[in-house]
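Trainee: Below are the structure tokens for one structure; questions will follow.
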Amino acid sequence: MRLTRRSVALIVAAALLAALNLFGNGGPPAVEALPTLPAVVADNVTVVQISTPIEKLRIERESPEKGTPGFDRWRIVTPLDFPADAAQIRTVLRTFTDGLPMDAFVDAVNQEDYGVDDQNGLLVELYSAGQDLPTASVVVGKTAAGPSTFVRIPGSEDVYRADVGGRGRYARPAAEWRDKVALEVDTATVVGLTLTRGAEALRFTRGAASATDAAGKPVPGPWQLDGAAFVVDDETVDLTIRTLARIRAAEIHNPDYDAGLAAPLAEASLLLQDGSSQLITLGTRIVEGAAFVRVAGRDEVFRTAGVVGRAMTQPVEAFRDRRVLSFERDAVASIAYVDRGLTVVLEQSEDGATWAVTQPANMDADQKQALFTANTLAALRAASIPADTRFDATGARFEVRFRDGRSVALELGQTERGADDRPLMRVRATDRDGVYHVRESTILELRKAFGRG
Numbered sequence: 502m503r504l505t506r507r508s509v510a511l512i513v514a515a516a517l518l519a520a521l522n523l524f525g526n527g528g529p530p531a532v533e534a535l536p537t538l539p540a541v542v543a544d545n546v547t548v549v550q551i552s553t554p555i556e557k558l559r560i561e562r563e564s565p566e567k568g569t570p571g572f573d574r575w576r577i578v579t580p581l582d583f584p585a586d587a588a589q590i591r592t593v594l595r596t597f598t599d600g601l602p603m604d605a606f607v608d609a610v611n612q613e614d615y616g617v618d619d620q621n622g623l624l625v626e627l628y629s630a631g632q633d634l635p636t637a638s639v640v641v642g643k644t645a646a647g648p649s650t651f652v653r654i655p656g657s658e659d660v661y662r663a664d665v666g667g668r669g670r671y672a673r674p675a676a677e678w679r680d681k682v683a684l685e686v687d688t689a690t691v692v693g694l695t696l697t698r699g700a701e702a703l704r705f706t707r708g709a710a711s712a713t714d715a716a717g718k719p720v721p722g723p724w725q726l727d728g729a730a731f732v733v734d735d736e737t738v739d740l741t742i743r744t745l746a747r748i749r750a751a752e753i754h755n756p757d758y759d760a761g762l763a764a765p766l767a768e769a770s771l772l773l774q775d776g777s778s779q780l781i782t783l784g785t786r787i788v789e790g791a792a793f794v795r796v797a798g799r800d801e802v803f804r805t806a807g808v809v810g811r812a813m814t815q816p817v818e819a820f821r822d823r824r825v826l827s828f829e830r831d832a833v834a835s836i837a838y839v840d841r842g843l844t845v846v847l848e849q850s851e852d853g854a855t856w857a858v859t860q861p862a863n864m865d866a867d868q869k870q871a872l873f874t875a876n877t878l879a880a881l882r883a884a885s886i887p888a889d890t891r892f893d894a895t896g897a898r899f900e901v902r903f904r905d906g907r908s909v910a911l912e913l914g915q916t917e918r919g920a921d922d923r924p925l926m927r928v929r930a931t932d933r934d935g936v937y938h939v940r941e942s943t944i945l946e947l948r949k950a951f952g953r954g
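All the letters of the sequence shown, read from the start, carry residue numbers 502 to 954 under the working numbering.
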């Protein structure tokens, strides 16, 4: 039998395929690994640069030496000359700290479709000290699906997807990279506060330390207000200082911005341990609840949260001690709720582990609710101080009896609306002068332990 040329060709092809199958590695075809940008040591980066064909934003670290005052501070040097927002810079650096892997290959030709071409892409470059070439660089394009963004590695035409935090993180006008922190002071160094509103000046100073903490360091004494006829509320003063010690702006305006600073509404001065002070001036202008302030040593006008203005203008009565009740829970023998002839008594066990209803009979105690009520009453604070001392007693009250025979009662009065339109209840304690506002929701929650919820 004579083979045709076609048959010979088929036999040869089959033999070649058999040889390939026999001697080949038999494994799957190799898949090219996706590239990854090298990891960046954030502390070594001294320059962050974001460029387009028409503009270049350059931000430099004020000092490359770690431990120096300027190491954590950044400055915009092009196209503006202002302090930069260190928080925004830290966010960018964190993106590249562990290296930036490409999530997927997308295209190799149509760069403009993904916004990574030379005309539309944002070239992000990070430079380390003493280096002329960037430590890491990437062209950021349009936002892709999910957390990914289209990117291109400089020098390559390939388009990838990578998690760089979105184009919006980099595509900001230079002014939006400015430092938004108007003032930042360590509250532990503040030893005095003066609030000046026209002819009124409230001067707060720290009392002498009378105890030490676990580390043996002196515990700051209580706050005192010059000329006050009442005990000062430490928590309110501390909260005021925390609010003023770190002011972050939503917007920064030019020095000539009309914020009503020529005749200010108030001034606040923070006195520090080293004898220096920080002065904050509050303008009279209020827009959508925001406050406008200027910090001594800086010319700009900062638009900041309204809480800053409220902290500087709160009335002197707001600093009155807001402790309504204050005692140790372990010292409590029983707590009773009395309302129109009905009395429910919760008694604490000798070891303080459980609670039981001793009046009326056959009523079980909700242990969780009883513990909440005892702990809340032991450190009950007022939400605010009423402008007057009017009190319309309802006859309802909480009575706390202690193991040593002492007792204190919290009398409940009328309900009214507070400044935030939330219902407040007037209360007064038998061992303390004055009338206080407690949130009605707190009282309602306290009553649940007595089956009155």
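Each residue gets a CB set at the ideal place from its N, CA and C atoms; glycine is no exception. Please read these numbers as outputs of a predicted model, since none were measured by experiment.
Count Cβ pairs between the segment 676-683 and the segment 796-807 that sit closer than 8 Å; are there 3 or more?
Mentor: At 8 Å Cβ cutoff, the stretches touch.
Trainee: For Q868, write down the residues that DSSP places opposite it in a beta bridge.
Mentor: The partner list for Q868 (beta bridge, DSSP) is empty, contrary to what the question assumes.
Trainee: Looking only at C-alpha atoms, which of G896, A806, S657 and E851 sits nearest to T842?
Mentor: For the record, residue 842 in the displayed sequence is Gly; it is not Thr. Nearest C-alpha to G842: G896.
Trainee: Can you list, in chain order, the residues of its chain whose CB lies under 7 Å from that of T782, leaving out five sequence neighbours each side?
Mentor: Closer than 7 Å at the Cβ level, and outside the excluded window around T782, lie L762, P765, E768, V794 and R795.
Trainee: Per the DSSP calculation, Q849 is bridged to which residue(s)?
Mentor: W856, per the DSSP bridge assignment.
Trainee: Need the endpoints of the beta strand (DSSP E) that V652 sits in, please.
Mentor: It spans T650 to R653 - the beta strand (DSSP E) in which V652 sits, taken as one unbroken run.
Trainee: Per DSSP, what kind of secondary structure is L627 in: helix, strand or coil?
Mentor: Residue state, collapsed to three classes: strand.
Trainee: Establish whether the CB of R923 and some CB of chain D are separated by less than 8 Å.
Mentor: The structure shown contains no chain D, having only a single protein chain.
Trainee: Could you pull the DSSP bridge partners for G957 from this structure?
Mentor: Because the chain here runs from 502 to 954, residue 957 falls outside it and cannot be looked at.
Trainee: Return the CA-CA distance between V928 and R918, expressed in angstroms with no decimal places.
Mentor: For V928 and R918, the distance between alpha carbons rounds to 14 Å.
Trainee: Quick one, which of G571, E941, E851 and S649 has its alpha-carbon nearest D905's?
Mentor: Measuring from the Cα of D905, the nearest candidate turns out to be E851.
Trainee: So, is L624 buried or exposed, given that buried needs 16 or more other C-beta atoms within 10 angstroms?
Mentor: Buried, because 16 or more other Cβ atoms sit within 10 Å of the Cβ of L624.
Trainee: Check the C-beta distance from L726 over to M813 and give it rounded, since I have them as a contact under 8 Å.
Mentor: That belief does not hold up - the Cβ atoms of L726 and M813 are roughly 15 Å apart, past 8 Å.
Trainee: In the DSSP assignment, what residue or residues form a beta bridge with K557?
Mentor: For K557, which the question treats as bridged, DSSP gives the partners S552.
Trainee: Give me, in chain order, the residues of the same chain whose beta-carbon lies closer than 8 Å to that of R953; leave out the 5 immediate sequence neighbours on both sides.
Mentor: Answer for R953: Y838, D840 and V845, listed in chain order.
Trainee: Roughly how many angstroms separate the alpha carbons of P529 and V652, rounded to a whole number?
Mentor: For P529, the pLDDT reaches just 48, beneath the cut-off of 50, and the residue's location in the model is therefore unreliable, although a value from the coordinates is still provided. About 29 Å.
Trainee: To the nearest angstrom, report how far apart L558 and Q550 are at their CA atoms.
Mentor: When rounded, the distance between both Cα atoms is 6 Å.
Trainee: Can you list, in chain order, the residues of its chain with a C-beta nearer than 7 Å to that of R898? Leave out the 5 residues immediately preceding and following it.
Mentor: Within the same chain, R898 has close Cβ partners V839, A910, L911, E912 and L913.
Trainee: On the premise that W575 lies in contact with R562, defined as a C-beta separation below 8 Å, what is that separation, rounded to the nearest angstrom?
Mentor: Confirmed, Cβ separation roughly 6 Å.
Trainee: Let me confirm a value: Q620 is counted as buried when at least 16 other C-beta atoms fall within 10 Å, else exposed. Which label applies?
Mentor: Exposed, by the Cβ-count rule.
Trainee: Starting from S942, trace the beta strand (DSSP E) both ways and give me its first and last residue.
Mentor: Unbroken run through S942 is the alpha helix (DSSP H), E941 to R948; no beta strand (DSSP E).
Trainee: Compute the Euclidean distance between the alpha carbons of S942 and T890, then round it to the nearest angstrom.
Mentor: Taking the straight line from one Cα to the other gives about 22 Å.
Trainee: Checking the sheet assignment: what are the DSSP bridge partners for I753?
Mentor: Looking at the DSSP assignment, I753 forms a beta bridge with F803.
Trainee: Threshold first: 3 residues or longer. Then list the beta strand (DSSP E) segments lying entirely within the segment 866-926, N to C.
Mentor: Runs found: 898-903 and 908-918.
Trainee: Nearest CA to the CA of L791: which residue from P635, R591 and E752?
Mentor: The identity of residue 791 in the sequence shown is Ala, whereas the question assumes Leu. Closest option to A791, Cα to Cα, is E752.
Trainee: Taking C-beta to C-beta, are A879 and R940 nearer than 8 Å?
Mentor: No, the Cβ-Cβ distance between A879 and R940 is not below 8 Å.
Trainee: Contact between the segment 574-590 and the segment 629-644 is defined here as three or more beta-carbon pairs at a separation below 8 Å; is this criterion met?
Mentor: Touching, no.
Trainee: For G853, is the classification buried or exposed, using 16 other Cβ atoms within 10 angstroms of its Cβ as the cut-off for buried?
Mentor: G853 should be labelled exposed.
Trainee: What whole-angstrom Cβ distance do V660 and T650 have, given they're in contact under 8 Å?
Mentor: Wrong, their Cβ atoms sit about 11 Å apart, outside the cutoff.
Trainee: Whole angstroms are fine: how far does the CA of A709 sit from the CA of A729?
Mentor: Rounded to whole angstroms, A729 to A709 spans 18 Å at the Cα level.
Trainee: Measure the beta-carbon distance from E848 to A834 and round it to whole angstroms, keeping in mind my assumption that it falls under 8 Å.
Mentor: Correct: roughly 7 Å between the Cβ atoms.
Trainee: If contacts are defined as beta-carbon pairs under 8 Å, then A663 and P565 qualify, I think. What distance do you get, rounded to the angstrom?
Mentor: Not confirmed; about 28 Å, so no contact.
Trainee: Using the DSSP secondary-structure output, state which residues sit across from F793 in a beta bridge.
Mentor: Partner(s): R804.
Trainee: Given R591, which residues of its chain have a CB within under 8 Å of its CB, disregarding the five upstream and five downstream residues?
Mentor: Contacts found: A543.
Trainee: Anyone know if the C-beta pair for P887 and V936 falls short of 8 Å?
Mentor: It is a contact, given that the beta carbons lie within the stated cut-off.
Trainee: To which residues of the same chain is S552 closer than 6 Å at the C-beta, ignoring the five residues directly before and after it?
Mentor: Correct list, in chain order: L624.
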